[in-house]
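In order, the protein sequence lines correspond to chains A and B. Under the working numbering, the first residue of the first sequence is numbered 42, with each subsequent residue one higher. Under the working numbering, the first residue of the second sequence is numbered 62, with each subsequent residue one higher. The beta-carbon is built from N, C-alpha and C at its ideal position, and this holds for glycine as well.
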Amino acid sequence: MKNFKLVNTQGLTGVFHKGRTIPLDKIDDTLAEELFGKTHVLERVPSLTGKEEPPVPEEVAALAKRKN
Amino acid sequence: MCVRTPIEAIEVDDCPNPGGLTNLHVIRRRDIDSFPDPDADGVTISKPIVPKTGAKFVPWDFATDTGEVNHKSTGEAGNQSITQEANTYVPRGDAKIDAVIQAALNGDFVVAGRDSNGNTRLLGDAFRGVKFEHDYKSGKKGTDKNGTDFKFSGEGFTHVPYYYTAALPV
Numbered sequence: 042m043k044n045f046k047l048v049n050t051q052g053l054t055g056v057f058h059k060g061r062t063i064p065l066d067k068i069d070d071t072l073a074e075e076l077f078g079k080t081h082v083l084e085r086v087p088s089l090t091g092k093e094e095p096p097v098p099e100e101v102a103a104l105a106k107r108k109n
Numbered sequence: 062m063c064v065r066t067p068i069e070a071i072e073v074d075d076c077p078n079p080g081g082l083t084n085l086h087v088i089r090r091r092d093i094d095s096f097p098d099p100d101a102d103g104v105t106i107s108k109p110i111v112p113k114t115g116a117k118f119v120p121w122d123f124a125t126d127t128g129e130v131n132h133k134s135t136g137e138a139g140n141q142s143i144t145q146e147a148n149t150y151v152p153r154g155d156a157k158i159d160a161v162i163q164a165a166l167n168g169d170f171v172v173a174g175r176d177s178n179g180n181t182r183l184l185g186d187a188f189r190g191v192k193f194e195h196d197y198k199s200g201k202k203g204t205d206k207n208g209t210d211f212k213f214s215g216e217g218f219t220h221v222p223y224y225y226t227a228a229l230p231v
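Structural data, given as structure tokens:
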């Protein structure tokens, strides 16, 4: 998971949601997005909001290439 | 103080509507750290139940087609309230199962039952749990049932078993 982290998991092995038991280690970003707010074990990572980083401008990429 | 709510219309649909429970999860009420208030409709809880550290809902398996959640109004006119109940049947006389049964007597529980339509219904609330009862029968002959009827029940509720739409910590 990049955008969330597991918290308060002591003694827990997973969450039961929509008829499925989801082990904590199987929670990925997509699932976490769905489960966020519905469980106390997920916290959104504040520095990474889930938005993709802006693409590197072409000129900068070209410069980096020349350096190498 | 009770809030008098307006009576709304009831509509039925044509969708599939199977009966029965598919899952049952159990926790002692005292192991719950925070029990959310219901939503504005008074019957849905969409925020998560938070257990105390180290506690969780545990699954209690049961034989297929033996799980049910019931609720009904009880009391004389002017004194009506709601009784909640869940029943399952657990096959086999077994030391491990009996140890769980023994530990559950006189317990005060909150129980979550998922029905075949996908609704999770919560029995018990922050202030009042449901009690556990069992009835084991070995049967007399080879084709008899050998197992335990489980029952959770509580009286005097001001609400039906809540529809719980958040995730259960397990």
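Task: Min CB distance lysine 67 of chain A to chain B below 8 Å - done: In the first sequence, residue 67 of chain A corresponds to position 26, counting from 1. No, no contact with chain B.
- [ ] Determine the burial state of leucine 183 of chain B: buried for a count of at least 16 other Cβ atoms within 10 Å of its Cβ, exposed for fewer.
- [x] Working through the second sequence from its first residue, we reach residue 183 of chain B at position 122. With 16 or more Cβ atoms within 10 Å of its Cβ, leucine 183 of chain B is classed as buried.
- [ ] Compare the beta carbon distance of threonine 204 of chain B and serine 107 of chain B with 8 Å and say whether it is the shorter of the two.
- [x] Counted from its first residue, the second sequence places residue 204 of chain B at position 143. Counted from its first residue, the second sequence places residue 107 of chain B at position 46. Annotated as distal: threonine 204 of chain B and serine 107 of chain B, with beta-carbon spacing of 8 Å or more.
Open item on the list: Taking 8 Å as the threshold (beta carbon to beta carbon), is phenylalanine 45 of chain A in contact with chain B?
Closed with: Here residue 45 of chain A is taken as the residue at index 4 of the first sequence, counted from 1. With 8 Å as the cut-off, phenylalanine 45 of chain A does not count as an interface residue toward chain B.
Task: Residues that phenylalanine 118 of chain B contacts on chain A, provided the C-beta gap is smaller than 9 Å - done: One-based indexing of the second sequence puts residue 118 of chain B at position 57. Under the 9 Å cutoff, chain A gives Phe57.
Open item on the list: Once DSSP output is grouped into helix, strand and coil, what is the label at alanine 156 of chain B?
Closed with: The residue you call residue 156 of chain B lines up with position 95 of the second sequence. Alanine 156 of chain B falls in the helix class under three-state DSSP.
Task: Complete runs of the beta strand (DSSP E) confined to the stretch 132-208 of chain B [at least 3 residues] - done: 142-152, 170-176, 181-184, 192-198
TODO: Would you mind giving the Cβ-Cβ distance between alanine 147 of chain B and phenylalanine 213 of chain B, rounded to the nearest angstrom? I have them listed as a contact below 8 Å.
DONE: Numbered from its first residue, the second sequence carries residue 147 of chain B at position 86. Numbered from its first residue, the second sequence carries residue 213 of chain B at position 152. Right, their Cβ atoms sit about 5 Å apart.
TODO: Assign threonine 67 of chain A to one of three DSSP states: helix, strand, or coil.
DONE: Residue 67 of chain A sits at position 26 when you count from the first residue of the first sequence. Note on residue identity: the sequence assigns lysine, not threonine, to residue 67 of chain A. It is helical.
Task: CB contact check: leucine 229 of chain B to chain A, cutoff 8 Å - done: Working through the second sequence from its first residue, we reach residue 229 of chain B at position 168. Closer than 8 Å: yes.
Task: Members of the stretch 84-109 of chain B near chain A, C-beta cut-off 7 Å - done: Asn84, His86, Pro109
- [ ] With a cut-off of 8 Å on the beta carbons, I'd call valine 231 of chain B and proline 120 of chain B a contact; round off their distance for me.
- [x] Within the second sequence, residue 231 of chain B is the residue found at index 170, counting from 1. Within the second sequence, residue 120 of chain B is the residue found at index 59, counting from 1. Confirmed, Cβ separation roughly 7 Å.
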